[in-house]
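In our numbering, the protein residues as written are 1 to 445. Remarks on the structure that follows.
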């Protein structure tokens with residue numbers, strides 16, 4: 001179809017659509033008993049009144065015919081759709097074929113790029129979180145960084161999809177990222193080497209005898225099942241006395257996965273509910289399983305990169321008083337995006353609801369406030385004094401009055417100090433769990 005024919009068809013469709021809506025509106029209002037399409041709110045105003053549709057068609061024709069350079073009409077229409085969605089909020093977007101395909105790959109955890117979860121802020125790309133063991137994490141990018149330039153191209157003026165596409169490329173190729181970081185007087189430049197991103201959603205290990213650690217990097221479709229397996233593996237190694245659930249720099253992901261993970265720790269009750277304009281946006285998600293951890297103390301680690309589905313888990317466990325939340329305020333993304341497929345393998349990602357914790361708290365723009373505030377800190381190990389003397393080092397010292405064997409606890413102290421220097425927040429979480437168990441002992445002597 002030629003440009004001229006396409007434009008005539010578009011104008012005819014615009015006029016017909018406007019007239020049809022205008023003519024059928026009174027009948028719709030009067031037919032109060034007529035069934036409505038599922039999810040449609042009868043109180044909503046009619047869409048696309050005739051005058052507004054004529055205005056759009058007129059603007060489209062003026063731009064198409066008078067702009068300094070010739071523009072393909074389909075490109076112009078797609079740009080109009082992008083503009084319409086980008087003005088709503090930072091998360092609504094138009095997805096072309098490639099972007100829609102990439103989004104589907106992201107939920108399975110295998111795709112190419114640098115490993116960044118990003119959003120838009122003031123026209124720049126804001127890092128929500130670098131994903132574990134990816135080029136972005138290895139290069140030291142942090143939650144809150146504002147990307148201002150990709151290679152030699154300024155980010156200002158790009159759409160979020162365009163910026164994401166620019167960061168993708170052949171594995172092994174380099175991209176130079178210029179960013180602004182709070183507390184740094186000058187922009188920072190990082191060189192990232194692209195690679196195939198295979199995000200391991202869940203990892204687990206023992207921190208100490210009886211104290212487990214589960215790290216969730218991202219909520220993918222299988223994350224709930226993987227967390228159940230992680231709990232089983234930890235319990236096979238011995239009775240658990242406490243568990244650290246690490247959600248730091250977890251950008252979120254699949255809502256159902258967040259519900260399933262929460263269900264592992266909560267023994268019944270509401271996990272999260274959503275509320276939106278459409279009736280089918282009002283949903284409740286409840287726990288259906290018994291607590292698979294048998295009620296062991298849990299500390300959830302969060303930071304400014306903890307977003308979306310991660311905040312659902314943290315909020316649910318906090319409201320049920322099932323875990324102590326430790327760290328700093330989370331990102332504050334409390335909105336639900338629905339991907340609505342369009343023709344020709346394209347789609348729109350549209351914010352359709354807000355989600356709320358079991359106690360009715362909206363996380364949107366507020367985040368989860370930790371129960372115990374522990375900032376990221378760098379701890380330097382003090383050089384040990386080789387001449388430090390204790391009672392047991394003195395010649396002729398008395399033996400322990402209870403007949404206990406003299407032991408050297410220095411190796412255990414060394415392990416604790418090493419953890420504190422590597423990851424102070426994790427060290428504090430483990431220390432809290434041990435303290436909770438001491439207070440819970442039947443014999444505190």
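Heads up, the beta-carbon is just placed ideally off N, CA and C, and yes, glycines get one too.
Chain-order list of residues whose beta-carbon lies under 6 Å from that of residue i (same chain, five-residue window excluded)
i           : result
residue 283 : 274
residue 318 : 325
residue 172 : none
residue 334 : 354, 355, 362, 363, 364
residue 290 : 267
residue 123 : 156
residue 31  : With a pLDDT of only 27 at residue 31, under 50, the local geometry of the prediction cannot be trusted, and the value read off the model is given with reservation. Counting only Cβ-Cβ distances below 6 Å, and skipping sequence neighbours, we find nothing.
residue 285 : 259, 271, 272
residue 339 : 347, 349
Residue i - DSSP class collapsed to helix/strand/coil
i           : result
residue 120 : strand
residue 286 : strand
residue 197 : strand
residue 208 : strand
residue 347 : strand
residue 371 : coil
residue 420 : helix
residue 363 : coil
residue 245 : strand
residue 63  : helix
residue 317 : helix
residue 183 : coil
residue 160 : helix
residue 68  : coil
residue 310 : helix
residue 148 : strand
residue 115 : coil
Residue i burial status per 10 Å Cβ neighbour count (16 or more: buried)
i           : result
residue 397 : exposed
residue 104 : exposed
residue 194 : buried
residue 75  : exposed
residue 84  : exposed
residue 161 : buried
residue 62  : exposed
residue 65  : exposed
residue 42  : Because the pLDDT at residue 42 is just 46, under 50, the model does not fix this residue reliably, and the value given afterwards should be weighed accordingly. By the neighbour-count rule (16 or more Cβ atoms within 10 Å), residue 42 is not buried but exposed.
residue 244 : buried
residue 293 : buried
residue 87  : exposed
residue 442 : exposed
residue 154 : exposed
residue 223 : buried
residue 276 : buried
residue 377 : exposed
residue 212 : buried
residue 255 : buried
beta-carbon residue i near the ligand MN non-hydrogen atom, thresh 7 Å
i          : result
residue 93 : No copy of the ligand MN appears in this structure; indeed no ligand is present at all.
Option nearest residue i by Cα separation, candidates the options
i           : options            : result
residue 287 : 280, 260, 94, 309  : 260
residue 436 : 390, 362, 296      : 296
residue 78  : 133, 236, 159, 190 : 159
residue 176 : 183, 94, 190       : 190
residue 152 : 333, 167, 88       : 167
residue 348 : 73, 82, 71         : 82
residue 357 : 389, 340, 370, 320 : 320
residue 230 : 351, 214, 243, 221 : 214
residue 368 : 306, 388, 422      : 306
residue 137 : 149, 242, 199      : 199
residue 265 : 323, 223, 99       : 323
residue 93  : 254, 351, 422, 279 : 351
residue 170 : 112, 423, 399      : 112
residue 148 : 164, 163, 179      : 179
residue 132 : 370, 201, 71, 67   : 201
Test item: CB-CB of residue i and residue j under 8 Å
i           : j           : result
residue 336 : residue 433 : no
residue 225 : residue 271 : no
residue 239 : residue 269 : no
residue 118 : residue 125 : yes
residue 419 : residue 430 : yes
residue 143 : residue 129 : yes
residue 203 : residue 145 : no
residue 207 : residue 237 : no
residue 447 : residue 188 : Outside the displayed range of the chain (1 to 445) lies residue 447, so it cannot be described from this structure.
residue 241 : residue 313 : no
residue 127 : residue 150 : no
Cβ neighbours of residue i in the same chain (closer than 8 Å, five flanking residues each side left out)
i           : result
residue 310 : 216, 219, 247, 250, 251, 252, 258, 302, 330
residue 97  : 344, 345, 346
residue 26  : Low per-residue confidence applies at residue 26: pLDDT is 28, beneath 50, and the placement is therefore not dependable, though the value from the model is reported in the following sentence. Excluding sequence neighbours, residue 26 sits near nothing in its chain.
Close Cβ partners of residue i (< 7 Å) along its chain, the five nearest in sequence each way excluded
i           : result
residue 374 : 326, 327, 425, 428
residue 134 : 114, 115, 197
residue 401 : none
residue 233 : 204
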